[in-house]
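In our numbering, the protein residues as written are 111 to 261.
1. Round the Cβ separation of residue 171 and residue 182 to the nearest angstrom and send it over; I've been treating them as touching at under 8 angstroms.
2. Is the separation between the beta-carbon of residue 211 and that of residue 220 shorter than 7 angstroms?
3. Once you ignore the five residues that flank residue 255 on each side, which residues in its own chain have a CB closer than 6 angstroms to its CB?
4. To the nearest angstrom, how far is the alpha carbon of residue 180 from that of residue 138?
5. Could you check whether residue 154 and residue 176 sit closer than 7 angstroms to each other, using their CB atoms as the reference points?
6. Give me the residue from 144, 199 and 124 with the minimum Cα distance to residue 252.
So this is what it looks like as structure tokens:
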């Protein structure tokens, strides 16, 4: 039986994420890996994400996530405009937020409809639909994998 998702419990040690961005036609456009370094202090979960993309580009995103009761989260991160709001729906966490997406010469403010679902004790699947003006422009899939405790 899969335990109820609590981000502060799942991210209890460094984790690796593997992901793909697919365009609106479902074609894979970018692959990436990320090292995720979590800390949880005074009720604040900080996730430092260090991305390496298949084209050699590196990025860093730092999430500051605050649990709000048993069923909600609020978060900020570089690139997120305002706050990300997350609500538990069953055993999945459903996020909504606006993100400033850098696409070369321009930055587009896009909306993320983001779901995080546990797949066992050491795996978390994150699937996001990205929209601009209500039109789906792509999807992002990430799989977070925790190493065994004894490694």
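We put the CB at the ideal spot given by N, CA and C, even for glycine.
The short version:
1. Here residue 171 refers to the residue found at position 61 when the chain shown is read from its first residue. Here residue 182 refers to the residue found at position 72 when the chain shown is read from its first residue. Between residue 182 and residue 171 the Cβ distance is about 21 angstroms, and since that is not below 8 angstroms, they are no contact.
2. Within the chain shown, residue 211 is the residue found at index 101, counting from 1. Within the chain shown, residue 220 is the residue found at index 110, counting from 1. A distance below 7 angstroms separates the beta carbons of residue 211 and residue 220.
3. In the chain shown, the residue the question calls residue 255 occupies position 145. These residues qualify, in order along the chain: 126 and 233.
4. Along the chain shown, read from residue 1 onward, the residue named residue 180 stands at position 70. Along the chain shown, read from residue 1 onward, the residue named residue 138 stands at position 28. Cα to Cα, residue 180 sits roughly 36 angstroms from residue 138.
5. Numbered from 1 along the chain shown, position 66 holds the residue referred to as residue 176. Numbered from 1 along the chain shown, position 44 holds the residue referred to as residue 154. It is a contact, given that the beta carbons lie within the stated cut-off.
6. Mapped onto the chain shown, residue 252 falls at position 142. Residue 252 has its Cα closest to that of 144, out of 144, 199 and 124.
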